[in-house]
Amino acid sequence: MKTLLQLEDVHSGYGLIEVLKGLNLTVGEGEIVAVLGANGAGKSTMLMTISGINQCRQGRILFNGEPIQNQPPHEIVHHGISQAPEGRRIFPRLTVRENLEMGAFQRANDEALRTGVEQVFATFPILKERQTQLGGTLSGGEQQMLAISRALMARPKLLLLDEPSLGLAPMIVTKIFDIIRDINRQGTTILLVEQNANMALHVAQRGYVLETGKIVLEDTAEHLIKNEQVKKSYLGG
Amino acid sequence: MSGSEIFLQQLIIGLSNGMIIALIALGYTMVYGIIELINFAHGDLFMLGSFAALTVVGLLGLDHLAAGAPGMWSGLFLMLLIVPLFCGSLNWLADRFAYRHLRDSTKLAPLVSAIGLSFVFMNIGLLWGGVPMNVFGLGRSAASPKDFPALVSNVNLLGQSAVEFTTKDLMVFVITLPLMVLLTWFVKGTRAGKAMRAVAQDRVAARLMGIPVDRVIGQTFLIGGALAGVASVVSSVYNNTIYFQMGYRAGVDAFTAAVFGGIGSLPGAVLGGLVIGLARAMCDQYLETRWTNVLVFTVLILVLVFRPQGLLGARAKEKV
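One line per chain: the protein sequences are P and S, in this order.
In terms of my numbering, the first sequence opens at residue 1 and continues consecutively.
In terms of my numbering, the second sequence opens at residue 238 and continues consecutively.
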């Protein structure tokens, strides 16, 4: 399998606090890779560093073999990496449609924009229904669908998902993970950060466990589900 | 003049000045909306625009023409291109070299820089007032108010009526109204305008979407500055006098207008501008001129105490 994303000894943090302390991780083309970890382990920091929001202080981030660390976020989107961030961060006073248009900001072409929006509406009829509504008025599940769709509007090769299940009812969570699986089947590689380890390991092929800024465990999802340590810490028993 | 005619006259004066205040207030509110900076240098930018306008008048020799002469209209048109370009670029440069570096710093840092820049601009205005050109009143002190030649005539368009609606009043509305419509369309309908709103609502999310945030903020300064530049030209031609400290009063009026309407809201800034313009005109007429500034500050204080979000401002941050 071809490596799409590679993190080599990545260090990152805020001010004097170092959050990522030499992170190594690879994502192969076509995979769903899950990163598990407790609150504060550095999961979101990792995604924000890949997206260029946080500074990568040491180490390299390779995308398709090319170093992309510390490039401005819009360049990184341009390379083909989009993120649906933690807490969804929908633009509350833009309409659903405008939110989607912002996701395609790097694709200025009107035609591409229209087909992109139509594709989203075909997948999520509820968003079509709500297209003129303000983003802030959607329910949590709808906002998560919008956040994922908005990230897909850039037609990324790699989609970064940060806690897509956060704050959603169990039924909606199942639906969101079905959507994630579908997106992957259609050819988008996914790096998924989750506290809901059970769900994450059921859609992912491989997984990593992140503890205080370092990878402590790496295996196939199948093995991780059975791993005693993972069971105890992340699967509730 | 009968009582109702006096009232009507003050209404016209108030609305005309209100439109000018509104243009300046739009620049305040746009910049506040996108980076939550009260750009205290904005009023002084407006003042520098007036000095730029007078310089153009001198360079083109417009002061030798009679008001309303054919060359005057093309001169006015030229000013409406050059001065907004000048003010817009200056505002863009202020962001690029002063505020951008402070983006991730505390909110107070750019605010203090803006106050500093206000002084810098004011002193540039003072220097500029000493430029050896006829229009700047050769030999008079640099700090003295400058006469801005009457480029547009004062003909009453209402004929023999005691109430005057002059060509100058008409000019104010003909220039400012379409500009406001254009701005609304830009912010609501264009890709760049939507990006501006996106950056204003969630800067990190906007960056994640691939929106070049610094460029969008720069565009906001450019447009806000250009609007102040248009206000400079219109105000100079309307009021016929400019002064290196005029930015202070204009700034207070426009800031109050922006807060009154709800800072961050474009329609709010226009509404606030009209209200402040009218309040000033009515106060000048029915109270006393010296109470006018007191009235404006009182309005500002009352709004801040009882309705800090302004008339049209968002009530609170949406829960996401």
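Yeah, the Cβ is synthetic: ideal placement off N, Cα and C, and Gly gets one too.
Remember, it's a predicted structure, so these values are computed and weren't measured experimentally.
- Restricting attention to P/Asp-162, P/Asn-24, P/Gly-213 and P/Val-203, the CA atom closest to the CA of P/Asp-9 is found in P/Asn-24.
- With fewer than 16 other Cβ atoms inside 10 Å of its own Cβ, P/Ser-139 counts as exposed.
- In this structure, S/Gly-498 sits near S/Gly-547, with a CB-CB distance shorter than 8 Å.
- With fewer than 16 other CB atoms across the displayed protein chains lying within 10 angstroms of its CB, S/His-338 is exposed.
- The region 204-215 of chain P makes contact with the region 32-50 of chain P; the number of CB pairs closer than 8 Å reaches 3 or more.
- Just so you know, the alpha carbons of S/Val-467 and S/Ser-502 end up roughly 20 Å apart.
- Bridge partners of P/Arg-206 according to DSSP: P/Val-33 and P/Thr-220.
- In this model, S/Leu-302 and S/Gly-308 are separated by some 8 Å (Cα to Cα).
- Along the length of the region 140-220 of chain P, whole alpha helix (DSSP H) runs at least 4 residues long occupy 140-152, 170-185 and 197-203, reported in chain order.
- Exclusion of the five residues before and after S/Ile-412 leaves Val-471 as the residues of its chain whose Cβ lies within less than 6 Å of its Cβ.
- Residue burial annotation: P/Glu-163 is buried, with at least 16 other C-beta atoms found within 10 angstroms of its C-beta.
- The Cβ atoms of P/Ile-81 and P/Leu-7 do not sit closer than 8 Å to each other.
- When secondary structure is reduced to three states using DSSP, P/Ile-17 falls in the strand class.
- The closest CA to that of P/Ala-204, considering only P/His-223, P/Leu-16, P/Phe-121 and P/Lys-214, is found on P/His-223.
- Contacts with chain S at 8 Å (Cβ-Cβ) include P/Glu-98.
- Counting only the Cα atoms, P/Leu-192 lies some 7 Å from P/Ala-200.
- Interface with chain P (8 Å Cβ-Cβ cutoff): S/Pro-449 is included.
- Look at S/Arg-444 here: in three-state DSSP terms it is helix.
- Of the residues assessed, S/Ala-278 falls on the buried side of the cut-off, its CB having 16 or more other CB atoms within 10 angstroms.
- For S/Asn-276, same chain residues with a beta-carbon under 7 Å away, outside a window of 5 residues either side, are Tyr-265, Val-268 and Ala-351 in chain order.
- With the rule of 3 Cβ pairs closer than 8 Å, the region 53-68 of chain P does not count as touching the region 128-146 of chain P.
- When beta bridges are read from the DSSP output, P/Leu-23 appears opposite P/Val-10.
- Around the beta carbon of S/Tyr-475, 16 or more other beta carbons lie within 10 angstroms, which makes this residue buried.
- Between S/Leu-445 and chain P, the shortest Cβ-Cβ separation is below 8 Å.
- Counting C-beta pairs closer than 8 Å gives three or more between the region 350-367 of chain S and the region 283-292 of chain S, which meets the contact rule.
- Between S/Glu-273 and the set S/Lys-344, S/Ala-335 and S/Leu-245, the nearest pair of CA atoms involves S/Lys-344.
- Just so you know, the alpha carbons of S/Gln-397 and S/Thr-403 end up roughly 12 Å apart.
- C-alpha of S/Ala-435 to C-alpha of P/Met-48: approximately 19 Å in a straight line.
- Annotation: the continuous alpha helix (DSSP H) that includes S/Gly-325 extends over 307-331.
- Taking the CA atoms as reference points, S/Leu-375 sits about 56 Å from P/Asn-70.
- The residue from S/Ala-495, S/Gln-438 and S/Tyr-480 with its alpha-carbon nearest to that of P/Gly-136 is S/Gln-438.
- Of S/Asp-521, S/Phe-410 and S/Tyr-480, the smallest CA-CA separation from S/Phe-373 is found for S/Tyr-480.
- The beta carbon of S/Arg-444 sits closer than 6 Å to the beta carbons of Val-450 from its chain, once the five residues preceding and following it are set aside; these are given in chain order.
- Identification of chain P residues near S/Lys-344 by a Cβ-Cβ cut-off of 7 Å yields none; the smallest Cβ-Cβ distance measures about 18 Å.
- Interface with chain P (8 Å Cβ-Cβ cutoff): S/Lys-431 is included.
- Bridge partners of S/Lys-383 according to DSSP: S/Ile-479.
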